[in-house]
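Okay, structure first, notes after.
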Amino acid sequence: MHLYSFIPSVFTKGNLCHCNICGYKAKFFLKRGHDFPIIKALEIIGAGKRNVDCIQCGSSDRDRLIAAYFLSEYNNNQLAEKKLLHIAPEKALSKLFKNTFHMQVTAADAKIGYAQFLYGKNVLEIDLCQLPFQSATFDVVVANHVLEHVSNASTAISEIARVLKPNGIAITQVPLSKKIKQSIEALPHWDKQDKINHLGQSDHLRLFGEDFANKLSEHGLKPDFWQYPPNNEMVQLGLNANESLLKSVKM
Ligand SMILES: [Zn+2]
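Residue numbers (numbering that gives the first Met the number 0): 0 to 250.
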């Protein structure tokens, strides 16, 4: 629950904004992100200062894009009992997977203390580059803005592919710039300011470019882009018209 939830709803309730995860309809979304120069210069998608956070559940535009995909493409029964590995599990999104789609959710993060504060209980502490699961365990893996943080993106992608069943789906949203052909990896000597200057965030280890889809293909995932129709609902959901959902199918 967000602190803004304690403000009388007469100040927040409205019809301009709609959260497809918790159902809240509001006059506004809350601000998130930073306006570092590199974000504008490289037009990094999935970053930057913007009014996108739900007052009630705290979901961001990135979370609602994932919710929109599942709500558009699947009915409530199609995913029932399907096994989902949810990495860095956004609390609101996790609830949607459990309560609306009745999926069997395994929630996991690299740092359990941080994760419990942000995401709630029952989160496993795991290394995405060394997943403690047998091959072909999961029907779906969701790692929303995670691959820019891990020590080795290629290893993490191969692990995601390994634990997916054939025809399983990976949702791997990342900060992405279509202005760069090749992803930029942080150099070992870069400090936090260097990372802000080159990658757009102090705790990122890379910025993905146009080669991101190829990186997924190299590990047996077939990437496909899904786009929310650019209509009034998209505006109400606070989605970025330039942000596609990258879903990959395990071959
Ligand atoms: Zn919400």
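Backbone N, C-alpha and C fix where the C-beta goes; we use that ideal spot for every residue, glycine too.
### Message
At the level of alpha carbons, what is the spacing between Lys164 and Leu220?
### Response
Those two C-alpha atoms are separated by around 11 Å.
* Where Asp34 falls: helix, strand or coil (DSSP) -> Here Asp34 sits in coil by DSSP.
Quiz item: Do Ala155 and Leu127 have their C-beta atoms closer together than 7 Å?
Solution: Yes; because the gap between Cβ atoms is below 7 Å, this pair is in contact.
Q) Does DSSP put Thr11 in a helix, in a strand, or in coil? A) Of the three classes helix, strand and coil, the one that applies to Thr11 here is helix, per DSSP.
**Message:** Mapping the DSSP letters down to three states, classify Thr171 as helix, strand or coil.
**Reply:** Three-state DSSP puts Thr171 in coil, outside helix and strand.
- Just grab the DSSP bridge partners of Arg205 for me. DSSP output for Arg205 lists Glu184 as bridge partner(s).
| Paired residues, beta bridge with Ala107 - DSSP | DSSP lists Ile86, Leu123 as partners of Ala107.
What residue range is occupied by the uninterrupted beta strand (DSSP E) comprising Phe137? Note, Phe137: beta strand (DSSP E), 137-142.
Local conformation of Gln200 per DSSP, three classes: Coil.
- Please look up how many angstroms separate the CB atoms of His203 and Lys194, rounded, as I've assumed it's under 8 Å. Between Lys194 and His203 the Cβ distance is about 6 Å, and since that is below 8 Å, they are a contact.
Point to revise | Presumed contact (8 Å Cβ cut-off) between Pro174 and Phe207, rounded CB distance | key: So it is a contact: roughly 7 Å between Cβ atoms.
**Item:** Near ligand 1: Cys53 beta-carbon under 6 Å from a heavy atom
**Value:** At least one heavy atom of ligand 1 lies less than 6 Å from the C-beta of Cys53.
**Study point:** Alpha carbon of Pro7 to alpha carbon of Phe27, nearest angstrom
**Key:** For Pro7 and Phe27, the distance between alpha carbons rounds to 14 Å.
Under 8 Å Cβ to Cβ from Ser58, same chain only, skipping five residues before and after it: list those, please.
In chain order, Cys18, Ile20, Cys21, Asp52, Ala66, Glu89, Ala91, Leu92 place their CB closer than 8 Å to the CB of Ser58, counting only its own chain and leaving out the 5 sequence neighbours on each side.
Subject >> Contact set for Arg161: own chain, Cβ-Cβ below 6 Å, skip 5 residues either direction >> reply: Result list for Arg161: Ser134, in chain order.
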